[in-house]
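First residue of the sequence shown: 18, per my numbering; consecutive thereafter.
Note that CB positions come from ideal geometry on N, CA and C, so glycine has one too.
Contents: one structure, followed by commentary.
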Amino acid sequence: MVETELLKADMEGIERAAKFLQNGGLVGIPTETVYGLAANALDGKAVAKIFAAKGRPMDNPLIVHISDFSQIYHLVATVPESAKKLAKAFWPGPLTMILPKADCIPDEVSAGLPTVAIRFPSHPAAQQLITAAGLPLAAPSANLSGKPSPTTAEHVMHDLSGKIEAVIDGGPCKVGVESTVITLASNPPRLLRPGGITLEQLRSVLGEVEMDDAVLHPLKEGVRASSPGMKYKHYSPKANVIILDGNDEQYRNYVNSHIAPGVMALCYDEDCAGLKSPYLCYGAETDMSQMAHHLFDALREVDLLDAKTVYARCPAPKGVGLAVYNRLMRAAGFEVLHL
Ligand code: AMP
Ligand code: MG
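Now the structure itself:
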């Protein structure tokens, strides 16, 4: 048990966090996607502590964060033209690229795979910390494994206080869902996880980009996951989340005729006036970015309110809506009721 320090995202806080990281410790860090749980990516022992603190299965690899494009050359075996094009268009930002790894990447980071995931985040505190530490930082989301990803320093404290050295408070995360993950280690490139950079944006730069089956569907029994993270239950509150698929009126009617203790609606802003049950709205129907920004906080709130059943509305799987759909479907264990 350690006393977890809550640090400000100023020079003093960054310097202190950098020291913890250089000494093999763990620090919760703000990024534009969600908060990350960082360790020195080149130190297998430090990285192993991330898995222990989160309760993360050891076969689920981590993303390595850098603060300048040139750092990628130390971490991967080759940098293809496609990686340069994507970096030019979307880095720094919420995009992770998977490439064949360099020898310096410990097995703990890549979970034994021949590839490594790399991201250059845009959050200034994340960049300053990587630069101050002088290290690439391995960082998965800073939540307990299986729980919704943290989008505030308070969420990180809730899950990991007492298990990690410090958390830097950089305010709420702008995007709110984890980075888009694309593998460049297969041909054509394939989207493994949707996020703030959309499939449409990736295709505008690279041309053909496949979408992995696991983005929209549960992994079929016996099929090997291209991204090990996709096989685990994710983002789930304790409550049973059910997605209701129908129009505005059908949604409201269904919820209003199924009111019971512990029943809540997770809805669009436009729905709330017509609902007779308790509700949480997570964004306007037409604003997927706003939904992404609020989704994980809403899923955590559902637990704080002790909800048992949550009837959720889910956007169409297009643009940033694809990322919201992918996370909410997993939170619901793919349970959809067609109205
Ligand atoms: P997290 O950092 O918690 O958002 O999780 C990182 C995600 O990237 C997980 O879904 C991992 O399975 C995936 N990932 C990381 N490295 C690789 C890799 N080398 N190949 C495929 N997927 C990866
Ligand atoms: Mg995660």
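Legend entry - Cutoff 6 Å; reference A63; Cβ partners in own chain excluding five residues on either side: Numbered from its first residue, the sequence shown carries residue 63 at position 46. Taking A63 as the centre and dropping the five residues before and after it, the same chain places the C-beta of G41, A56, N57 closer than 6 Å to its C-beta, in chain order.
Legend entry - Residues that M308 bridges to, as DSSP identifies them: Position 291 of the sequence shown, counted from the first residue, corresponds to residue 308. M308 pairs with nothing; no bridge assigned.
Inset, instruction - Enumerate in chain order the residues of its own chain whose CB-to-CB distance from T169 is below 6 Å, with the five nearest sequence positions on each side excluded. - result: In the sequence shown, counting from the first residue as 1, residue 169 sits at position 152. Excluding sequence positions up to five before and after T169, its CB lies within less than 6 Å of the CB of P189, all in the same chain and listed in chain order.
Inset, instruction - Just list the alpha helix (DSSP H) runs in the segment 316-352, keeping only unbroken ones of 4 residues or longer that don't cross its boundaries, in chain order. - result: Qualifying alpha helix (DSSP H) stretches, in chain order: 338-348.
Legend entry - Under 8 Å between C-beta atoms of E182 and L297: Indexing the sequence shown from 1 puts residue 182 at position 165. Indexing the sequence shown from 1 puts residue 297 at position 280. Between E182 and L297, the gap from beta carbon to beta carbon reaches 8 Å or more.
Legend entry - Sequence-distant residues of the same chain with beta carbon closer than 7 Å to P131, five excluded per side: For the purposes of this step, residue 131 is taken as the residue at position 114 of the sequence shown. For P131, where only same-chain residues beyond five positions count, the Cβ hits under 7 Å are P117, K118.
Inset, instruction - Could you check if Q144 is buried or exposed, using at least 16 other CB atoms within 10 Å of its CB as the buried criterion? - result: Here residue 144 corresponds to residue number 127 of the sequence shown, with the count starting at 1. Classification of Q144: buried, given that the 10 Å Cβ count is 16 or more.
Inset, instruction - May I ask which residues mark the beginning and end of the alpha helix (DSSP H) holding M174? - result: Here the question's residue 174 lines up with position 157 in the sequence shown. Here the alpha helix (DSSP H) through M174 covers 170-177.
Inset, instruction - Given a cut-off of 8 Å, decide if T197 and G212 are closer than it, judged by their beta-carbon atoms. - result: In the sequence shown, residue 212 corresponds to position 195, counting from 1. In the sequence shown, residue 197 corresponds to position 180, counting from 1. In this structure, T197 lies closer than 8 Å to G212 by Cβ.
Inset, instruction - Using only the heavy atoms of the ligand AMP, determine whether one of them is closer than 7 Å to the beta carbon of R210. - result: As a first step, residue 210 must be located in the sequence shown, where it is residue number 193. Yes, the ligand AMP has a heavy atom inside 7 Å of this Cβ.
Inset, instruction - Taking R330 and Y285 to be in contact with their CB atoms under 8 Å, please state how far apart those CB atoms are, rounded to whole angstroms. - result: Taking the first residue of the sequence shown as 1, we reach residue 330 at position 313. Taking the first residue of the sequence shown as 1, we reach residue 285 at position 268. 6 Å between Cβ atoms; contact.
Legend entry - Continuous alpha helix (DSSP H) stretch holding Y268: start and end: Walking along the sequence shown from the start, residue 268 turns up at place 251. For Y268, the uninterrupted alpha helix (DSSP H) segment begins and ends at 265-273.
Inset, instruction - Measuring alpha carbon to alpha carbon, tell me which of V337, A26, I89, P97 ends up nearest L201. - result: For the purposes of this step, residue 201 is taken as the residue at position 184 of the sequence shown. Ranking the options by Cα distance to L201, first place goes to P97.
Legend entry - Beta-carbon proximity list for H310, same chain, < 6 Å, skipping 5 on both sides: Your numbering for residue 310 matches position 293 in the sequence shown. Contacts found: G193.
Inset, instruction - Using only the heavy atoms of the ligand MG, determine whether one of them is closer than 7 Å to the beta carbon of S166. - result: The sequence position of residue 166 within the sequence shown is 149, counting from 1. In terms of side-chain proximity, the C-beta atom of S166 is found nearer than 7 Å to a non-hydrogen atom of the ligand MG.
Legend entry - One or two residues paired with K102 in a DSSP bridge: The count along the sequence shown starts at 1 and reaches residue 102 at position 85. DSSP output for K102 lists no bridge partner at all.
Inset, instruction - Assign L354 to one of two classes, buried (16 or more other C-beta atoms within 10 Å of its C-beta) or exposed (fewer than that). - result: Start at 1 with the first residue of the sequence shown, and residue 354 comes out as number 337. Its Cβ having fewer than 16 others within 10 Å, L354 is exposed.
Legend entry - Beta-carbon contacts of A282 that lie in its chain and below 6 Å, excluding the five residues immediately before and after: Sequence index remark: in the sequence shown, residue 282 carries index 265 (1-based). Once the five neighbours on either side are set aside, the close Cβ partners of A282 are V272, L292, S294, Y296, Y328.
Legend entry - Selection from H275, K255, A155 that minimises the alpha carbon distance to E318: Here the question's residue 318 lines up with position 301 in the sequence shown. Selected option, being the one with the closest Cα: K255.
Legend entry - Given S139 as reference, the closest of A150, W108, A128 once Cα atoms are compared: Mapped onto the sequence shown, residue 139 falls at position 122. Nearest to S139 by C-alpha distance, out of A150, W108, A128, is W108.
Inset, instruction - Tell me whether R207 sits in a helix, a strand or coil according to DSSP, three-state version. - result: On the sequence shown, residue 207 is found 190 positions in, with the first residue counted as 1. Reduced to three states, the DSSP call for R207 is strand.
Inset, instruction - State the DSSP-derived secondary structure class of I83, mapped to helix, strand or coil. - result: Taking the first residue of the sequence shown as position 1, residue 83 is located at position 66. Assigned with DSSP and collapsed to three states, I83 falls in coil, not helix or strand.
Inset, instruction - Taking only heavy atoms of the ligand AMP into account, decide whether any of them is closer than 7 Å to the Cβ of A65. - result: For this step, residue 65 is matched to residue 48 along the sequence shown. No, the ligand AMP has no heavy atom inside 7 Å of this Cβ.
Inset, instruction - For L54, count neighbouring Cβ atoms within 10 angstroms of its own Cβ and tell me buried if that reaches 16, exposed if not. - result: Counted from its first residue, the sequence shown places residue 54 at position 37. When all chains shown are included, L54 counts as buried.
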